[in-house]
Each structure stands twice: as structure tokens, then as C-alpha cells.
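Since the structure comes first, as C-alpha cells, the remarks are kept for the end.
Number of protein chains: 2
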Amino acid sequence: MPQTPLRSATRYGTRPTMKDVAARAGVGLKTVSRVVNGEPGVTPETERRVQEAIDALGFRRNDSARVLRKGRTASIGLVLEDLADPFYGPLSRSVEEVARAHGALLINGSSAEDPEREQELVLALCARRVDGLVVIPAGDDHRYLEPELKAGVATVFVDRPAGYIDADVVLSDNFGGARGGVAHLIAHGHRRIGFIGDMPRIHTAAERLRGYRAAMEDAGIPVADSWMSLGVTDPERVRRAAEEMLSGPDPVTAIFTANNRVTVTVIRVLAGHTRRVALVGFDDIELADLLQPGVTVVAQDAADIGRTAAERLFRQLDGTQVPPERIELPTRLITRGSGELPPAD
Amino acid sequence: MPQTPLRSATRYGTRPTMKDVAARAGVGLKTVSRVVNGEPGVTPETERRVQEAIDALGFRRNDSARVLRKGRTASIGLVLEDLADPFYGPLSRSVEEVARAHGALLINGSSAEDPEREQELVLALCARRVDGLVVIPAGDDHRYLEPELKAGVATVFVDRPAGYIDADVVLSDNFGGARGGVAHLIAHGHRRIGFIGDMPRIHTAAERLRGYRAAMEDAGIPVADSWMSLGVTDPERVRRAAEEMLSGPDPVTAIFTANNRVTVTVIRVLAGHTRRVALVGFDDIELADLLQPGVTVVAQDAADIGRTAAERLFRQLDGTQVPPERIELPTRLITRGSGELPPAD
DNA sequence: CCCGAGCCTGACAACGTTGTCCAGGCTCTA
DNA sequence: TAGAGCCTGGACAACGTTGTCAGGCTCGGG
Numbered sequence: 060m061p062q063t064p065l066r067s068a069t070r071y072g073t074r075p076t077m078k079d080v081a082a083r084a085g086v087g088l089k090t091v092s093r094v095v096n097g098e099p100g101v102t103p104e105t106e107r108r109v110q111e112a113i114d115a116l117g118f119r120r121n122d123s124a125r126v127l128r129k130g131r132t133a134s135i136g137l138v139l140e141d142l143a144d145p146f147y148g149p150l151s152r153s154v155e156e157v158a159r160a161h162g163a164l165l166i167n168g169s170s171a172e173d174p175e176r177e178q179e180l181v182l183a184l185c186a187r188r189v190d191g192l193v194v195i196p197a198g199d200d201h202r203y204l205e206p207e208l209k210a211g212v213a214t215v216f217v218d219r220p221a222g223y224i225d226a227d228v229v230l231s232d233n234f235g236g237a238r239g240g241v242a243h244l245i246a247h248g249h250r251r252i253g254f255i256g257d258m259p260r261i262h263t264a265a266e267r268l269r270g271y272r273a274a275m276e277d278a279g280i281p282v283a284d285s286w287m288s289l290g291v292t293d294p295e296r297v298r299r300a301a302e303e304m305l306s307g308p309d310p311v312t313a314i315f316t317a318n319n320r321v322t323v324t325v326i327r328v329l330a331g332h333t334r335r336v337a338l339v340g341f342d343d344i345e346l347a348d349l350l351q352p353g354v355t356v357v358a359q360d361a362a363d364i365g366r367t368a369a370e371r372l373f374r375q376l377d378g379t380q381v382p383p384e385r386i387e388l389p390t391r392l393i394t395r396g397s398g399e400l401p402p403a404d
Numbered sequence: 060m061p062q063t064p065l066r067s068a069t070r071y072g073t074r075p076t077m078k079d080v081a082a083r084a085g086v087g088l089k090t091v092s093r094v095v096n097g098e099p100g101v102t103p104e105t106e107r108r109v110q111e112a113i114d115a116l117g118f119r120r121n122d123s124a125r126v127l128r129k130g131r132t133a134s135i136g137l138v139l140e141d142l143a144d145p146f147y148g149p150l151s152r153s154v155e156e157v158a159r160a161h162g163a164l165l166i167n168g169s170s171a172e173d174p175e176r177e178q179e180l181v182l183a184l185c186a187r188r189v190d191g192l193v194v195i196p197a198g199d200d201h202r203y204l205e206p207e208l209k210a211g212v213a214t215v216f217v218d219r220p221a222g223y224i225d226a227d228v229v230l231s232d233n234f235g236g237a238r239g240g241v242a243h244l245i246a247h248g249h250r251r252i253g254f255i256g257d258m259p260r261i262h263t264a265a266e267r268l269r270g271y272r273a274a275m276e277d278a279g280i281p282v283a284d285s286w287m288s289l290g291v292t293d294p295e296r297v298r299r300a301a302e303e304m305l306s307g308p309d310p311v312t313a314i315f316t317a318n319n320r321v322t323v324t325v326i327r328v329l330a331g332h333t334r335r336v337a338l339v340g341f342d343d344i345e346l347a348d349l350l351q352p353g354v355t356v357v358a359q360d361a362a363d364i365g366r367t368a369a370e371r372l373f374r375q376l377d378g379t380q381v382p383p384e385r386i387e388l389p390t391r392l393i394t395r396g397s398g399e400l401p402p403a404d
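Protein chains in written order, with my numbering: chain Y, 60 to 404; chain A, 60 to 404.
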């Protein structure tokens, strides 16, 4: 004899619904909905009964159903490269703060610099119907986002511009910052300056390289190929690249490192050398002021970038129709010693 | 040339549904569902037609509806204290990796060490019907989670145990680590050792304080109140606390700092002093090896903690019924110089 | 005493998807 | 050639919530 399946809050894996609450409180379904959402038109006495039933059953509204009905999820997605990177922690946090101020949750994922994984993540977020997306692109073609944009998913790119689509971007002045950092070294007498950076297919890496080249050209210094190391980020290879620049036939007297991870590795390499080599790094690093010498850096404000992007995102969501814009935030040269060392041959 | 999408896809704010796809492909609704989910029983020819319609319309499955039907969201929630803290970045990342391996997305939020905000976040995540929760508790009463546990939401606490409920915990051996770190200082001849830590209502802070006390007691050293600073974390007050310990009537010759932020601040304070004061910190910090002297720390492996917790979570989700457990991971003393300085009066 | 206004309340449809079940057409074999 | 079995496709209900709308009640005024 098949018996009617019992719906109760105590059965493992089953959650009470508004219907259950309504039954227990002896009211209609809609009344429960009203209480849960704080809508007007419910007697205090009825409200009390409903609230009691809610507490007794441990009812929590099912937001999936709610979203299905209402259309908005009150959540935004953040796709970045690596949550563990000290640059992205503060960025992520500031995006979260803005989201929170707008009553939204943050879903985030790391692309690990893999374009395919970026797309996979973004599409998963779209399937969840996030209201908006903050994307730090790994790939360089974002046409797959066209249907989403058309459907009204607010989107802001960060750190690097989107490929083949027209969307908001918030980024640092990578070119100007790098150019300024290298010019700083030149102003302190250096002419043989090394550059170690990421793959030029990454926008920031390319821009910073361009800044390096521009500064050198401004000063009329021809750049030797052996001074440049591109697409090298893992510590062992950075180490080798730095050693080569320092010991080659035409050794550099200063190095410009194009991101925080490279900077840290190079600091380690230089610590093992007696010759004083000047260093300017892109991105600030913690404790940089306490090293001997202090590390001179071109700093970008991750929290500010994140905040700016998120605020832009919510402006889109508020319905204000504004054409896509490119917002470039300035960088700041922080001199601490390593960038002011004179050339030592 | 791609075909022009039909009306429903082009109307702003409206997304195509399976119904739209079915209409365009000239098939039934369920057939589209089958194609989207890779279910068997569809002719290659039909599948092609459906796929074409999907691409043309830019259709993306609505996961809210899917979740409503299926019950599982394939997402887990992570509530931590502050995403911007260098300890939580790697932790968060490793949780994400495990989640990804299980096909789940990660939703995370920062409690900012505020119990109310923790609860608010956790309940919001439950409303989204996350399959599981990883929580770094800010509060000390988690009975509000009882209905969720009963409903089968997998839950693992990290870094600190849950209050008043029986749940999995993954944490470091805070007591043993601190005790070992302080014993290390004692072994190097120190007797007047300062302690600067967070509020004792935070479990880790309390445990580390207990470790400090135990080590001192083991060595038969009575502890002066003026050597201890509790509940102080903002840099300015930590700075003042450290200065007082160093210049008081009974000045310390060594300091044990109970978390990474405090350690960094104290390093700055000590850098301004000529007297060499020994230092051991709880939590590793980047570049600690390059400072003069290198910073000796009691290190915990954030990534390992996160991974362990997440794996435990998915074991719960896989249906394996295991009683709640407390998993304590060992810490590691890394000697780099600052902890081996002799006492200097 | 009756009627309308105003307030509570609940029945019902809809959101977009998936599970169930059945129909129709095909192949294969006896 | 008929019957059995298989394969493909589609109709329909259900998931839990919210918006719409209408019904019933109370109360005050005519």
C-alpha cells in the first residue's frame, strides 16, 4: 500500500516551505509570504502566529524560487585570476563591501589565468543569473558575453580591457606607471636597466613593457634583448632570468619588475648578491619599507580599483543608462631606497 | 554571418527560455532540456537543430529554476573574517579548488569579525540553498544553524570551533604552536616575554594566550600583567602596547605576537629601536626571511586548512555519514633569526 | 437597517526547469 | 506480414515563491 509521502521539517534533507508554515499557523500561504517579506496588511496577532510557526519549523525562504519569480538574484559575480594573490584580496574585499551596501552577495571564482576557465566561470555565473559581473579577464575575446549584455547583465572589466565587446573597464595607468618607474631609475643614473614581466598577451604586462620601452626611448637608450625577460613568472625561471641579466656580457645595474610576484623573487635574488643593484617594482608589497634597502615601487590601489568597478556596476544596475567608459586610475611612485641606488658596475 | 536573434532575445532584460529554443528549433520543450543536459535519446540531426537555436538565441539555462526542481545548487558558501587578510586568501583559494573539483561554485562573504554579520551572511547563504557551508566563526553561539544542519546542509567550521552545536571543525594547534614558540624564546634565555594578541573571546586568540601561559608556567616564570596586551589589533594601539612593554619598569626582552597583523606592526616598532628585542610571531608573513633579522614564526598552512575543511565538507555531501570530528593540524616553527636573539637588557 | 469603504486574507496562476509517462513510428524476427 | 520491442519526442505536473485579484469581514454613515 503506497502511503502519502510525509512532509515534515524533521525528515532529513527536507526543508519546510511556506506551505508548511501556513498549515502550522492555520493561515493561508500568501499570508506567510507577507510576513516573511514584511509586507503590510497583516494583523499583529496573525503575524505573531506565523512568526511562531516559522521559528518552530526553522523555516528559511528558498531564494531560488524567489529569484525565479522576481528575476533578480541580488548577487554579483567576480572572476579574478587568483584569490590567493595579495593584489586580489583587497580588491575582492572592496567589491564585496560595495555589494553588501547594495544588499547583494558576492560569488567569486579564480580563472587561474586560463581563458577557457574564465569563460566557463562567467557562464556558470550567468546561469545563476547574477545581476552583474566584475571580470578580470584572462582571455582576450569576450564576444561570448554578447547575449548576456543584451539581456541586461551589468558588466565591468577590471585591470584589463575586454576583447571585441564594448564594456566598462577600470584599470590602472600601467603604461604611465611603468614609464615613470623606469624614468626614475634613469634619473638616478642607470642606463642598463632590465625588465622582467609576464606574457605580453596579458594586457597589463604589455602596457608595462610599453612603458619601459617608452622611458628608455625618451632617454635615448637603446634596449638590448638580453635585458628583457617576458612571459616568465614562476620563481625558478624568474631567478634564472635575473641571474642572466646580472652576469651577462652587458650586465644591468637596475631591474624593473613588472608585477608583485616577480618583484618578490628578484628581491630574493638580489639579497644573494654583494653588488648593489637598483630595483623598482610594479605593485606594492607588504613590508617593502622594512627591507634593506626599502623597495621602491609603483603602487596601484587595489581596493580603490575594486570599489570603483563595483560602484560603476551598481550604477548600471540602478538603471542609469551610461555609455561604456574606460576609467584609468593613477599609480603612485613610492620611493624607499632600492630605486635610488646609484649604478654600480 | 550569424543569424539575427528573434524578438525575445533582443528585448532588453528578457532572456530566451527553453520554450523559445524549442519553438525556434521546432521541437518539444523536453527535447531541448535533453540536449542542454546531454541526456541520451536525441537524434544527431535533432540535436544539431536545437544547438543551432541555442546559439542563435544566446540561451543559457536558468539555474534558479533548475535548483528549484533538483534541490541541489552545486555551490558552497564560505564565511570568513576578511578576504583582504593574507591568511584568508590562500585559504579561500584552496576551498575554491576543492569546490571546483566537485563542480561547485563558491560564494563568499566577510563577517568583519562581527557575530551579527556572520549570522546574517550564513542565513543569506542558506536562503540560496548552498549545499554546504565553510564558516570561520565570528560569534560563539551557532544554535541558529540547527535547522540547517537538520535539513542536511553540510557544515564545517574552520579556525575556531562552533558554539553550542555539534559540527566538524578544522583548526591549527594554536595552543601547542604558541606554547612551542614561547618555549623557543625561553630556550634562548628570555624570561621577560611580552604577549600581544587579539580579544580572548576569539578562540584562536584565547588558545594562543593559553599556550603562552603554559610555556611560561612550564619554565616556572611568573607573568607580569604589564607583559600582556589583549584585545588590541589596530596598528596604533599595538604600537603603543609594544612601546609600553619595552620601556616599562620591567621591560621585556622578547615579544610573542599572536597573529600576522600584530606581528607586522611590532616589526615596525622594533625597527625603530636600537636595542635588539627577540620576536616570534604566530602566522607566517611574506618576505619574513628577507628582513634583518629574519622573522621567526609559528606557521600554519592556510591552504592546507582550507583544503582539509572543503574535503571534509564534500565527504559529508557524498552521503558518507560520519560523526562530527575535530581535526587539529600541526603548526611549524620556522627559525629565521628574530627568535634566536639573546636577551639584551 | 442597509450599504459602501476599507482592511485582511486566501485562491490561483506564473516563473523556467526537470521527472514521469505515454504515443507513435521504427526495426527486427518469427 | 504481424507482433514485439526499441527508440525518439512531447504533454504534463511539480518544485516554492510572489503578483493579482476577489471574497469576507468590520465599521461608520446615511
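A virtual CB, placed ideally from N, CA and C, is assigned to each residue, including glycine.
In the same chain as T355 of chain A, and ignoring 5 residues on each side of it, the C-beta atoms closer than 6 Å to its own belong to V339, T394, R395, S397 and G398, in chain order. L346, L349, L350 and Q351: these are the residues of the region 346-379 of chain Y whose beta carbon lies less than 7 Å from some beta carbon of chain A, given in chain order. Annotation: the continuous alpha helix (DSSP H) that includes N233 of chain A extends over N233 to A246. Sequence-distant partners of G236 of chain A (beyond 5 residues in either direction) whose C-beta falls short of 6 Å from its own C-beta, in its chain, are V357 and T390. If you compare the alpha carbons of Y:R176, Y:L127 and Y:R74 with that of L208 of chain A, the shortest gap goes to Y:R74. The beta carbons of I255 of chain A and A274 of chain A sit about 15 Å from each other, so the pair does not count as a contact at 8 Å.
Note: V356 of chain A is bridge-paired with A:G340 and A:I393 in the DSSP secondary-structure output. In terms of beta-carbon proximity, I166 of chain A lines the interface with chain Y, with at least one pair separated by less than 7 Å. Less than 7 Å separates the beta-carbon of V95 of chain Y from that of R120 of chain Y. Neighbourhood of I344 of chain Y in chain A, by CB distance below 9 Å: E345 and L346, in chain order. Cβ contact annotation for A278 of chain Y (same chain, cutoff 7 Å, sequence separation greater than five): I245, in chain order. DSSP, reduced to helix, strand and coil, places A84 of chain A within a helical segment of the structure shown.
Between the beta-carbon of A226 of chain A and that of P196 of chain A there is about 10 Å, and that puts the pair past the 8 Å contact cut. Counting along the chain, G148 of chain A sits inside no beta strand (DSSP E); it lies in the alpha helix (DSSP H) bounded by residues Y147 to A160. Between G117 of chain A and chain Y, the shortest Cβ-Cβ separation is below 7 Å. When Cβ-Cβ separations below 7 Å define contact, L329 of chain Y makes no contact with chain A.
S134 of chain A: member of the beta strand (DSSP E) spanning S134 to L139, first to last residue. Around A246 of chain A, no beta-carbon contact reaches into chain Y at under 7 Å, the shortest distance being about 26 Å. By the Cβ-count criterion, H243 of chain Y is buried, with 16 or more other Cβ atoms from all chains shown falling within 10 Å of its own Cβ. Here the alpha carbons of A347 of chain A and D342 of chain Y stand approximately 18 Å from one another. Of all residues in the region 200-215 of chain Y, only E205, P206, E207, K209, A210 and G211 place a beta-carbon less than 8 Å from a beta-carbon of chain A. Look at D144 of chain A here: in three-state DSSP terms it is coil, with no helix or strand label. Boundaries of the beta strand (DSSP E) around N167 of chain Y: L164 to S169. Contact fails between the region 326-340 of chain A and the region 319-329 of chain Y, because fewer than three Cβ pairs, one in each stretch, are under 8 Å apart. Within the same chain, Cβ atoms closer than 6 Å to the Cβ of A84 of chain Y are found at R108, V109 and A112, the five residues on either side in sequence being excluded.
Pairing D122 of chain Y with I344 of chain Y, the inter-Cα distance amounts to about 41 Å. Using beta-carbon distances, D79 of chain Y does not count as an interface residue toward chain A, since no partner is under 7 Å. Restricting attention to A:V241, A:L400 and A:T76, the CA atom closest to the CA of R335 of chain A is found in A:L400. For D173 of chain Y, no chain A residue has a Cβ inside 7 Å of its Cβ, as the nearest lies near 12 Å away. Within chain Y, no residue has its CB atom less than 9 Å from the CB of L392 of chain A, the nearest being about 20 Å off. Checking the DSSP bridge columns, you'll see I261 of chain Y has no partner listed.
With respect to chain A, the C-beta atom of E295 of chain Y has no partner C-beta closer than 7 Å.
Within the region 307-336 of chain Y, V323, I326, R327 and A330 place their CB atoms closer than 8 Å to a CB of chain A, listed in sequence order. Under DSSP, the beta-bridge partners assigned to S288 of chain Y are Y:I255. Within chain A, P145, G148 and E345 have C-beta atoms less than 8 Å from the C-beta of P145 of chain Y, given in sequence order. DSSP lists A:E387 as the bridge partner or partners of L230 of chain A.
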